[in-house]
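Presented below is the structure to which this report refers.
Protein chains in written order, with this note's numbering: chain V, 1 to 163; chain Y, 1 to 190.
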């Protein structure tokens, strides 16, 4: 039987001014999955990353698939210090990214996430990322590697609870 | 009415969150299990979504695939197409002909690094409509912090107009899903 409605906004923000990062902290462990919805306006071309629980060690890796309207490519990065969620090279003003974090609060598996990034001007990308840690995720920091995220940038974190 | 999850990339306005419900969850225990089955699925939703974390016992391989089949139909009534990235190049593949074993998502196999599981989100649209074949689409991936990462977009076709009331998920190559694999089924109202 269905357990009732479950797709709950946990927190949301809209930037009133520029900032270099945004952090969701004290994420409750009561959900099964998390979904992060991003709409990023950045001052210059940049890539977008996440870090979990303040971990800036080389515990992240990724495999991605990209399309730019002409060709499809794939790449990977291992043992790096942040989790890519968007590696579209030319980040023009509006970047739409949806990230799925499955079973984020279990303490038995490494954390694998799926990201979809969309930019009408430059292309699309999907990424599977790994955080090589069994810790429950209680904090997600989002940042870009160049420039600043400008006013109007929005981040919303949702929780999904399974029956 | 948008489907949530990976279709949420299409959301441009306010997101209504009161039409997405958890139906059931299967968590694989010690000793593993050869399948995860959702039966007696209510027909009261418009679309279904499966969200999962999975690893199989497929030997000598860091990846496996899983197959999603309906109403206990194990016949060659399925088809699939894939777009994938392996960290070096992008490619695609498909059934060739109808198959009984559709590739529905990539997950982790036995030689993946310990504690690494693949993950996927799959949407089954209009699952109770008796005038249409059923189409599933998924985004799935496994990253192993080495050269074996895989990311897949896949579409599956079940060539049957019956309403879907049972969903069975099994490894394509492995025998069992291993402990801590977890499969959750959600319903989206229309």
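All C-beta atoms, glycine included, are put in the ideal place defined by N, C-alpha and C.
Notebook entry, point to check: Are the stretch 37–54 of chain Y and the stretch 106–124 of chain Y touching by the rule of at least three beta carbon pairs closer than 8 Å?
Noted result: yes
Margin query: Can you pull the chain Y neighbours of residue 79 of chain V, defined as C-beta to C-beta under 9 Å?
Written below: 145
Item checked: Distance between residue 57 of chain V and residue 66 of chain Y (C-alpha atoms, nearest Å) -> 33 Å
Next item on the list: Taking the CB atoms as reference points, tell me whether residue 61 of chain V and residue 143 of chain Y lie closer together than 7 Å.
Entry: yes
Checklist line | beta strand (DSSP E) segments (min. 3 residues) lying fully within the stretch 67–132 of chain Y | finding: 78–85, 90–94, 105–108, 118–125
Next item on the list: Within 10 angstroms of the Cβ of residue 75 of chain Y, are there 16 or more other Cβ atoms? Answer buried if so, exposed if not.
Entry: exposed
Check: Residues bridged to residue 117 of chain V by DSSP?
Finding: V:97, V:125
Checklist line | Contact under 7 Å by Cβ, residue 74 of chain V with residue 90 of chain Y | finding: yes
Notebook entry, point to check: Helix, strand or coil for residue 194 of chain Y per DSSP?
Noted result: Only positions 1 to 190 of chain Y appear in the structure, and residue 194 of chain Y is not among them; the question remains open.
Check: Is residue 171 of chain Y buried or exposed, if buried means 16 or more other CB atoms sit within 10 Å of its CB?
Finding: buried
Next item on the list: Report, in whole angstroms, the separation of the C-beta atoms of residue 65 of chain V and residue 126 of chain V, which I expect to be a contact under 8 Å.
Entry: 5 Å
Notebook entry, point to check: Going straight from the alpha carbon of residue 101 of chain Y to that of residue 95 of chain Y, what length do you get?
Noted result: 9 Å
Notebook entry, point to check: According to the neighbour-count rule (16 or more other Cβ atoms, all chains shown, within 10 Å of its Cβ), is residue 13 of chain Y buried or exposed?
Noted result: The pLDDT assigned to residue 13 of chain Y is 36, lower than 50, so where the model puts this residue is not dependable; a value taken from the coordinates is nonetheless given after this. That one is exposed.
Margin query: If you reduce the DSSP assignment to three classes, tell me which class residue 53 of chain V lands in.
Written below: coil
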